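A.B. asks:
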Amino acid sequence: MATGNREAARLLGEIGALLEIQGENPFKIRAYTRAAEQIDHLAEPLSSLSAEDLEAIPGVGKAIAGKIQEILKTGTCAELERLRAATPPGLIPLLALNGVGPKTVRKLWTELGVDGIEALEAAARSRRIRALKGFGAKKEDDILKAIAEAKDGAGRMNRAEAERLAAALTAAIPGDSWVAGSLRRGRSTIGDIDIVTTAPPRETSLALRRIADAVIDEGERKISVTIGGRRADIRFADPGSIGAMLLYLTGSKAFNIRLREIAGRKEMRLNEYGLTDRGSGNLLTFPTEEGVFSALGMSPVPPELREDRGEVEAALSGALPPLLDETEIKGDLHVHSEWSDGVLSLEEIAAEGERMGYDYILITDHAAGIGITHGLDAQRLEKQRQEIRAVNRTASCTLLAGVEADILPDGRLSLPDAALEACDLVVASVHSAFRHDGDTMTRRVIAALENEHVDILGHPTARLIGHRPGTALDIGRVIEAAAATGTALEINASPTRMDLDDIYIRQAKERDVILAIGTDAHRKPEFAHMRYGVALARRGWCGPADVLNTRTADALLERRR
DNA sequence: GCCGTTTTCGGCCCGACTGTTTTCAGTCG
1 MATGNREAAR LLGEIGALLE IQGENPFKIR AYTRAAEQID HLAEPLSSLS AEDLEAIPGV
61 GKAIAGKIQE ILKTGTCAEL ERLRAATPPG LIPLLALNGV GPKTVRKLWT ELGVDGIEAL
121 EAAARSRRIR ALKGFGAKKE DDILKAIAEA KDGAGRMNRA EAERLAAALT AAIPGDSWVA
181 GSLRRGRSTI GDIDIVTTAP PRETSLALRR IADAVIDEGE RKISVTIGGR RADIRFADPG
241 SIGAMLLYLT GSKAFNIRLR EIAGRKEMRL NEYGLTDRGS GNLLTFPTEE GVFSALGMSP
301 VPPELREDRG EVEAALSGAL PPLLDETEIK GDLHVHSEWS DGVLSLEEIA AEGERMGYDY
361 ILITDHAAGI GITHGLDAQR LEKQRQEIRA VNRTASCTLL AGVEADILPD GRLSLPDAAL
421 EACDLVVASV HSAFRHDGDT MTRRVIAALE NEHVDILGHP TARLIGHRPG TALDIGRVIE
481 AAAATGTALE INASPTRMDL DDIYIRQAKE RDVILAIGTD AHRKPEFAHM RYGVALARRG
541 WCGPADVLNT RTADALLERR R
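Residue numbers (the UniProt record's numbering): 1 to 561.
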């Protein structure tokens, strides 16, 4: 089986981690880590790239390109095997423990023979760690706590949970505050909450202690707490220098490093307080992020693009892409009513559409199929279509008569072609047999795309964040099939799905595949999830022309014809 | 190990906070 980008990136990351434990040159370690990240979100499959192409990837030079080729050919490389032989592989998970870094791991390994989590826990419980030079009882305690936290395995949050926590924090903070971090960047999952505030530190600390589970650490310039079992970092800033602070705390880390390198080339130092002239030592402060970008000679980079995936170069040359804006969305392309498993009547959905300022909403109740209760058969679908026409006579937001058909295990759809043909638009989705192997699943989905009545592939990987990984679908092949058949791929905006994810959206966009944003709403509050889908589209570098939702209802119907 | 509108060698982002220290290493973001 061919080695994919994900796997190659994982192996490069493993080399980086093992080098770290071995106490290698930090810059060499960073080189491997950066190369791994770049490979992880590459649009093209590595296997299609020549040696020259590989070296053109930022952060990949001769040495790493050679190792990538070795990995593609054999599934591993000599350097990795050498490191694995010299370092217990059980040490790598220790690096993920809070407060445990490479120096700690190395010391525990070489001096106490710790070779994994279990050995570490045993060493801590038998109080052998506090005897090491530079360690104490507190450190030993912290290690046991970190192990317990890791076993709880909270993982990353979905956006809805993260927004709830951020709202609770900003409401409690006695002053103006701004959400930063991955939540602001629009990522599909969120690790922790980052907030910048101009509120006074002492009062903020008191207020946060009332709502937080615990205070992790606290100083003049920041306070970190856990709330709802999650970490939140709050940084204090002067109103006149929010720009640099917001930029810093929004990240990503890789993006920040690139900006700081650019500042360095201009004989300046960039930190969270502003830009310092290396010669005079003068600090320039900025009330807005735009000011910092301008001083660095760049266009302002929208938060969703700040991942070091080419946006820095684009901003330096003034070539950032135009991005989709929420105000350009004319309708929602995936909504369920009480006709299947939703709770709203068609009238209520039309009213929600008006409230959202939409021109149309595509009604996509489930078709009768396996795994779905109350699915519609051809007759009920026809009956629903009549009621939709009736609602449309009075509503200003037009309801389009669609359906969400199941893609059956053999690739056929759960409705006959005649019933599909009668619809305004058809979404087809996988709702069963998620464990098909990659090739079977891919052929199954492509068969659905090749049905001329299918307009949109719903939640392409069928993942449920925190509950179910995506199917083994080969998304590259699906994107090629979508390009060939003119089928749209859905950006499912439900915070529990966020499917497709950003790197695949960008890959699809680059193949001129159209994307369709749908909230998959089953009840009123879920219509507002559109913003998550828009953020994902922006993270995939999509402009208004790349998504169906910016087109008029007539244009959608015309496209189907 | 990567990289170059000062460089093919000599750099590599920058600062906050904690714990174990007696001036700082380690971790984190």
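In this text, a Cβ means the ideal position worked out from N, Cα and C, and glycines have one as well. Predicted model, so just to flag it, every value in this text is computed and none were measured.
1. Closest by CA to Arg-235, which one among Leu-408, Glu-218 and Cys-542?
2. Output yes or no for whether 7 Å exceeds the beta carbon distance between Ser-224 and Gly-274.
3. Going along the chain, which residues of its own chain have a beta-carbon closer than 6 Å to the beta-carbon of Glu-70, five neighbours each way excluded?
4. If you draw a straight line from the C-alpha of Asn-256 to the C-alpha of Trp-178, how long is it?
5. Ends of the alpha helix (DSSP H) at Arg-265?
6. I'd like the span of the alpha helix (DSSP H) that includes Thr-110, first residue to last.
7. In terms of residues, what are the limits of the beta strand (DSSP E) holding Tyr-360?
8. Just reading off the beta strand (DSSP E) that Ile-216 is part of, what are its end residues?
9. Quick one: what does DSSP say Ala-488 is sitting in, helix, strand or coil?
10. Out of Ala-244, Glu-347 and Val-100, point me to the one whose CA is closest to Lys-524's CA.
11. Distance check for Arg-230 and Ala-462, CA to CA, integer angstroms please.
12. Buried or exposed: Asn-25, going by 16 or more other Cβ atoms within 10 Å of its Cβ?
13. In its own chain, which residues sit with a C-beta less than 8 Å from the C-beta of Asn-451, not counting the 5 before and 5 after it?
14. Would you give the residue range spanned by the beta strand (DSSP E) that Phe-236 belongs to?
15. Provide the residue span of the beta strand (DSSP E) that contains Asn-549, from first to last.
16. Nearest-angstrom Cα distance between Ala-350 and Arg-156?
17. Can you tell me the Cβ-Cβ gap for Asp-142 and Gly-99, rounded? I've got them flagged as a contact below 8 Å.
18. So if DSSP puts His-366 in a beta bridge, which residue, or which two residues, is it bridged to?
19. From Ala-535 to Asp-115, what does the alpha carbon distance come to, in whole angstroms?
20. If contacts are defined as beta-carbon pairs under 8 Å, then Thr-442 and Arg-477 qualify, I think. What distance do you get, rounded to the angstrom?
21. Do you know whose CA, among Glu-267, Asp-325, Ala-447 and Gln-379, lies nearest Ala-484's CA?
22. Tell me whether the stretch 32-51 and the stretch 5-16 touch, counting them as touching only if at least three CB pairs, one residue from each stretch, are closer than 8 Å.
23. Considering only their Cβ atoms, is the gap separating Val-301 from Glu-311 smaller than 7 Å?
24. Within 10 angstroms of the Cβ of Asp-194, are there 16 or more other Cβ atoms? Answer buried if so, exposed if not.
C.D. replies: Based on what the coordinates show:
1. Of the residues Leu-408, Glu-218 and Cys-542, the one whose Cα lies closest to the Cα of Arg-235 is Glu-218.
2. No, they are not a contact pair.
3. Hits under 6 Å: Cys-77.
4. Rounded to whole angstroms, the gap between the alpha carbons of Asn-256 and Trp-178 is 18 Å.
5. Note, Arg-265: alpha helix (DSSP H), 253-265.
6. Thr-110 -> alpha helix (DSSP H) spans 102-112.
7. Start and end: 360-363.
8. Unbroken beta strand (DSSP E) run through Ile-216: 214-218.
9. Ala-488 carries a strand assignment under DSSP once its states are collapsed to helix, strand and coil.
10. Of the candidates Ala-244, Glu-347 and Val-100, the one whose C-alpha sits nearest the C-alpha of Lys-524 is Glu-347.
11. C-alpha separation (whole angstroms): 26 Å.
12. Label assigned to Asn-25: exposed.
13. Cβ neighbours of Asn-451 beyond the five flanking positions: Leu-413, Asp-417, Leu-420 and Ala-428.
14. Unbroken beta strand (DSSP E) run through Phe-236: 230-236.
15. Counting along the chain, Asn-549 sits inside no beta strand (DSSP E), nor does DSSP assign it H or E at all.
16. Ala-350 and Arg-156: Cα-Cα distance of roughly 35 Å.
17. Contact between Asp-142 and Gly-99 holds, with the beta-carbon distance rounding to 5 Å and staying under 8 Å.
18. Answer is Glu-404, bridged to His-366.
19. Answer to the nearest angstrom: the Cα atoms are 42 Å apart.
20. About 5 Å separates the CB atoms of Thr-442 and Arg-477; that is less than 8 Å, so the two are in contact.
21. Scanning Glu-267, Asp-325, Ala-447 and Gln-379 for the CA closest to the CA of Ala-484 turns up Ala-447.
22. When Cβ pairs closer than 8 Å are counted between the two stretches, the stretch 32-51 is seen to touch the stretch 5-16, the count reaching three or more.
23. Annotated as proximal: Glu-311 and Val-301, with beta-carbon spacing under 7 Å.
24. With 16 or more other Cβ atoms from the protein chains shown falling within 10 Å of its own Cβ, Asp-194 counts as buried.
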